[in-house]
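Enquirer: Going by our numbering, the sequence shown opens with residue 8, and the numbers climb by one from there.
The beta-carbon is built from N, C-alpha and C at its ideal position, and this holds for glycine as well.
The model shown is predicted, which means the values in this text are computed figures rather than measured ones.
Before I ask anything, here is the structure I am working with.
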Amino acid sequence: MPTKITDLPLEVRQQIFGEYFAAQDGYVYNEQSGKLRHADGTPIDLSLIYTCRYIANDCKHLPLALNTIHFSTIYREDWRSLAGCFNLAASYYNVLQQDLVLHLAHLVTPEMHAQLEKTLPTFRSKLEAEREFHFHAWDTGDAVGAVEGLENADTSEPVQPAVCEFVRDFYFWAVDKVVQNLPTEYYDYHNVDKLARGLQNSMSRERLEPLRDNHRLFYHRRWNHYSREVDQCLSQCLRLVADKNPTEFANRVYACLPQWVGKYRAEEFFDLRFEDWAIPSRTQVAHVLHRLGVPDLVWKLPDIWHYESSYFFKWKVYNHIPRDRWFDEFEHPTINFDSRTRTKIRFSAAAAAIRFLDLLPHQQRTQIRTIILHEDLLSVNKASIHGLGLVPFLRENSLLRVQRRVSFVHCILNDLSTDLPQLDKTHKFPERLHTFEFVPALSRWLLDNLAVVNAGIPADSFALLLESGPYADRCTEILQQLVHFRIKLNRAWDECLNDKSLPLPEDGLLISSSGSLLEPNSSAAAKIAKMTFMVTTGEEFKEAFEQLVSQTSTTLRCDFNPGVPENHHALINEVKAHPQGLLYFWKSHLRPKQFELPRSLFDRETLAKSYDRQSYKKYRQSVDSTSADAFEMSESYHLDELFATQPGQSSKGGSQEDGSM
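Structure, rendered in structure tokens:
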């Protein structure tokens, strides 16, 4: 008599079911459908689960438990504006939040600091250093009136923020410069979060007095320059201050957002915050932008094309097209052009995974065992910190293992080298990488992902893997020549500054080995500050990098040789032997290194992953695309909604109640 499968021992059934459900390359998240598929894109066959309830109870957990789930960075053409404007909204909010915290920092009590240091032990020292920098580097407009003084402000139109130059500068570069001028002034929103770190303009404002310029040389000491962990404390800090000092908090909010006076409570500022790893709806982003006084025009900007030979194109637009048609001309040009380019703006793989997990019921979510995040291309809103969004799921499911694979070339090198406005001016992408740009970029990826394992999860549940792709040897060279070399410089420089026997500059030694400016008006101090900027690396970064180099860490790994440490003592001996002393030796012999990037990074196929490129001929042949709509997801998945199953399969009405085969 034939034996039914349901009559077999459980361990035998589990082995059979395991062989049936195990996919060779696991499952891949499809961003278009929001469902899982096989790695080759084919639907997942779950028909066995639907044969009968008995078998379903045996094996319904196996698809998620047996198969690794892969997530990659998400690009959808109908999400381009959503991703870009989300980055703008989140970055602008972060700038405002920083400004509020720094201007209200004197109200942070020791008790508040004690609470904040539970989240970030170094928060107090970072806050004090950043506040010192902020008030020296920016025109902060300290003369802030009370709310009553703002009652007569014109709030009928979107307005740029008042008071602090730090806030005004961000708004000018990100919004106002484009609104008031041609679309060629658009600062690409895929990396607008860089403006919040002050990387674009902290050292370029020659119009400021020397005192402020000297302090701007210290922007490498910004609290979020080497890591973004401090950003996670800002909201908590601001809430503590607002609860105890509501009047001062309201005055500061209304000074920055005068259109709120008489319309919104200052406490509603907290409602506008997005998690860094969010994938919000268009409605949510539009609400935040409106509350922050950003005009609706910004929704058009991520779809704006950058034109090669843009000066000539811009000149023709200026002289032949009415001003009210400029934006239309950039999208649907009537003027001939060579070619045009625009960024494919992406959400991170971590953000995609977090969204997917958040939509799953608890029972299904805890069945998952392995997730691999492929951060293969640049993505929006401080992608390095997005791993922290996985912490609740890792705490919930102690069996879950997450590996975050980050493309060393496309997520770190390209973040520093590819920039559409620069392409627009030079007709090619930059091919050199500078030490002082690269080290902070690498530091953020190392330190921000170390923060995940320090957030109370099992030690082996999360790991970062830096992937070299076909550039293993080049990646090794970059780490050796840019990072090991700079750490050597840093150590030698610190010892030189502390060595009393070395010749000092004419004005005396005006800077400490930690980088503190003692007499900021001195020309010697400015020179030493600049050299300190060129060689300094944070201690936390050096410790993290040592973990990467030793390859003993379960958290920080790379698939290429990370190089070897370099001895700094020989440099110190050379400084002592130099006849003109400390500054002249470093200035003339040890300039920051530049590194040639692989030419293949800029070939047509590679660039096509990150950019749309279109010739005039192709444009003439193209059909206008439909307008972008926000992709709305349901609140949770049924089993047949979780997977992209084969046609005809359903969990509803398809099982046999009697358990027969």
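1. Can you tell me which residues form a DSSP beta bridge with Gln21?
2. Tell me where the alpha helix (DSSP H) around Ile378 begins and ends.
3. Pick helix, strand or coil for Phe281, following the three-state DSSP scheme.
4. Taking the C-alpha atoms as reference points, what is the distance between Asp106 and Glu315?
5. For Gln410, does the three-state DSSP call read helix, strand or coil?
6. Quick one: is Ser88 buried, meaning 16 or more other Cβ sit within 10 Å of its Cβ, or exposed?
7. Round the Cβ separation of Lys389 and Arg235 to the nearest angstrom and send it over; I've been treating them as touching at under 8 Å.
8. Using 8 Å as the threshold, is the stretch 364-373 in touch with the stretch 244-254, meaning 3 or more CB pairs across them?
9. May I have the straight-line CA-CA distance separating Phe177 from Ala448, to the nearest angstrom?
10. On the DSSP letters alone, give me the boundaries of the alpha helix (DSSP H) that His77 sits inside.
11. Below 8 Å between beta carbons: does that hold for His313 and Arg347?
12. Taking the DSSP output, what are the residues bridged to Arg620?
13. Count the other C-beta atoms from every protein chain shown that fall within 10 angstroms of the C-beta of Leu109, then say buried if there are 16 or more, exposed otherwise.
14. Starting from His313, follow its DSSP beta bridges and name the residues at the other end.
15. Under 8 Å between the Cβ atoms of Thr377 and Glu403?
16. Using alpha carbons as the reference points, say which of Ile62, Tyr34, Glu38 lies closest to Thr49.
17. Per DSSP, what kind of secondary structure is Arg44 in: helix, strand or coil?
18. Which residue comes first and which comes last in the alpha helix (DSSP H) that contains Glu336?
19. Is there contact between the stretch 129-147 and the stretch 288-303, where contact requires at least three CB pairs shorter than 8 Å?
20. Does Gln558 pass the burial test, meaning 16 or more other C-beta atoms within 10 Å, or should it be called exposed?
21. According to DSSP, what are the bridge partners of Glu474?
22. Between Asn497 and the rest of its own chain, which residues show a CB-CB distance below 7 Å, the 5 nearest in sequence each way excluded?
23. How would you label Tyr325, buried or exposed, when you count the other beta carbons within 10 angstroms and need 16 or more for buried?
24. Can you tell me the Cα-Cα spacing of Leu555 and His491, whole angstroms?
25. Look at Ala357 and Leu406 and say whether their C-beta atoms are less than 8 Å apart.
26. Using the Cα positions of Leu604 and Thr613, report the straight-line distance between them to the nearest angstrom.
27. Based on Cα-Cα distance, which residue from Asp238, Phe130, Ala466 lies nearest to Leu401?
28. Could you give the C-beta distance for Ala359 and Ile81, rounded to a whole number, given that I count them as a contact under 8 Å?
29. In terms of residue numbering, what span does the beta strand (DSSP E) encompassing Val35 cover?
30. Given a cut-off of 8 Å, decide if Leu73 and Ala29 are closer than it, judged by their beta-carbon atoms.
31. Hey, could you find the ends of the beta strand (DSSP E) Cys171 is sitting in?
32. At 4 residues or longer, what runs of the alpha helix (DSSP H) sit wholly inside the stretch 68-127?
33. For Glu275, which of helix, strand or coil comes out of DSSP?
34. For Gln628, count neighbouring Cβ atoms within 10 angstroms of its own Cβ and tell me buried if that reaches 16, exposed if not.
35. In terms of alpha-carbon separation, which member of Cys565, Leu202, His576, Asp238 lies closest to Phe415?
36. Sort Val387, Ile379, Asn421 by Cα distance to Ile352 and report the nearest one.
Expert: According to the structure shown:
1. Numbered from 1 along the sequence shown, position 14 holds the residue referred to as residue 21. Gln21 pairs with nothing; no bridge assigned.
2. By 1-based counting over the sequence shown, the position of residue 378 is 371. Looking at the DSSP string, Ile378 is not in any alpha helix (DSSP H); the run it does join, the beta strand (DSSP E), is 377-382.
3. Taking the sequence shown and counting its residues from 1, the one referred to as residue 281 is at position 274. Looking at Phe281 - three-state DSSP - the assignment turns out to be coil, as it is neither helix nor strand.
4. In the sequence shown, counting from the first residue as 1, residue 106 sits at position 99. In the sequence shown, counting from the first residue as 1, residue 315 sits at position 308. Spanning the two alpha carbons is a distance of roughly 37 Å.
5. Residue mapping note: residue 410 aligns to position 403 of the sequence shown, counting from 1. The answer is strand: DSSP assigns Gln410 an E or B state.
6. Within the sequence shown, numbered from 1, the residue matching residue 88 stands at position 81. By the neighbour-count criterion, in which 16 or more other beta carbons inside 10 Å mark a residue as buried, Ser88 falls on the buried side.
7. Looking up residue 389 in the sequence shown gives position 382. Looking up residue 235 in the sequence shown gives position 228. In this structure Lys389 is in contact with Arg235, their Cβ atoms being roughly 5 Å apart against a cut-off of 8 Å.
8. At 8 Å Cβ cutoff, the stretches do not touch.
9. By one-based count along the sequence shown, residue 177 stands at place 170. By one-based count along the sequence shown, residue 448 stands at place 441. Straight-line Cα distance between these residues: approximately 20 Å.
10. Against the sequence shown, residue 77 aligns to sequence position 70. Unbroken run through His77 is the beta strand (DSSP E), 76-79; no alpha helix (DSSP H).
11. On the sequence shown, position 306 is the one that residue 313 refers to. On the sequence shown, position 340 is the one that residue 347 refers to. Contact flag set, yes.
12. Here the question's residue 620 lines up with position 613 in the sequence shown. BP columns for Arg620 point to Thr348.
13. Walking along the sequence shown from the start, residue 109 turns up at place 102. Classification of Leu109: buried, given that the 10 Å Cβ count is 16 or more.
14. Start at 1 with the first residue of the sequence shown, and residue 313 comes out as number 306. Beta-bridge analysis with DSSP links His313 to Thr348.
15. Here the question's residue 377 lines up with position 370 in the sequence shown. Here the question's residue 403 lines up with position 396 in the sequence shown. In this structure, Glu403 does not lie closer than 8 Å to Thr377 by Cβ.
16. As a working note, residue 49 is residue 42 in the sequence shown. Among Ile62, Tyr34, Glu38, the Cα nearest to that of Thr49 belongs to Tyr34.
17. Residue numbering aside, residue 44 sits at position 37 when the sequence shown is read from its first letter. DSSP places Arg44 in strand when its eight states are reduced to three.
18. Translated into positions along the sequence shown, residue 336 becomes position 329. Start and end: 333-338.
19. The stretch 129-147 vs the stretch 288-303: no contact.
20. Counted from its first residue, the sequence shown places residue 558 at position 551. Of the other Cβ atoms in all chains shown, fewer than 16 fall within 10 Å of the Cβ of Gln558; this residue is therefore exposed.
21. Taking the sequence shown and counting its residues from 1, one reaches residue 474 at position 467. Paired residue(s): Ser414.
22. The residue you call residue 497 lines up with position 490 of the sequence shown. Cβ neighbours of Asn497 beyond the five flanking positions: Val542, Thr543, Thr544.
23. Counted from its first residue, the sequence shown places residue 325 at position 318. It is exposed - the Cβ of Tyr325 has fewer than 16 other Cβ atoms within 10 Å.
24. In the sequence shown, the residue the question calls residue 555 occupies position 548. In the sequence shown, the residue the question calls residue 491 occupies position 484. Leu555 and His491 have their C-alpha atoms some 12 Å from each other.
25. One-based indexing of the sequence shown puts residue 357 at position 350. One-based indexing of the sequence shown puts residue 406 at position 399. Contact flag unset, no.
26. Residue 604 sits at position 597 when you count from the first residue of the sequence shown. Residue 613 sits at position 606 when you count from the first residue of the sequence shown. Distance from the CA of Leu604 to the CA of Thr613, rounded to the nearest whole angstrom, comes to 13 Å.
27. Position 394 of the sequence shown, counted from the start, is the residue given in the question as residue 401. For Leu401, the nearest C-alpha among the options comes from Ala466.
28. The residue given as residue 359 occupies position 352 in the sequence shown. The residue given as residue 81 occupies position 74 in the sequence shown. In this structure Ala359 touches Ile81 by the C-beta definition: roughly 5 Å separates them, less than 8 Å.
29. Along the sequence shown, read from residue 1 onward, the residue named residue 35 stands at position 28. Per DSSP, Val35 belongs to the beta strand (DSSP E) from 34-37.
30. Numbered from 1 along the sequence shown, position 22 holds the residue referred to as residue 29. Numbered from 1 along the sequence shown, position 66 holds the residue referred to as residue 73. A distance below 8 Å separates the beta carbons of Ala29 and Leu73.
31. For the purposes of this step, residue 171 is taken as residue 164 along the sequence shown, with counting starting at 1. No beta strand (DSSP E) contains Cys171, which DSSP labels as neither H nor E.
32. Secondary structure in the stretch 68-127: the alpha helix (DSSP H) runs of 4 residues or longer, each lying completely within the stretch, are 69-73, 87-110, 117-126 in chain order.
33. Start at 1 with the first residue of the sequence shown, and residue 275 comes out as number 268. The three-state reading of DSSP puts Glu275 in helix, counting H, G and I together.
34. Taking the sequence shown and counting its residues from 1, the one referred to as residue 628 is at position 621. When all chains shown are included, Gln628 counts as exposed.
35. As a first step, residue 415 is located in the sequence shown; it is residue number 408 there, counting from the start. The option with the nearest alpha carbon to Phe415 is Cys565.
36. Locating residue 352 in the sequence shown gives position 345, where the first residue counts as 1. With distances taken between Cα atoms, Ile352 lies closest to Val387.
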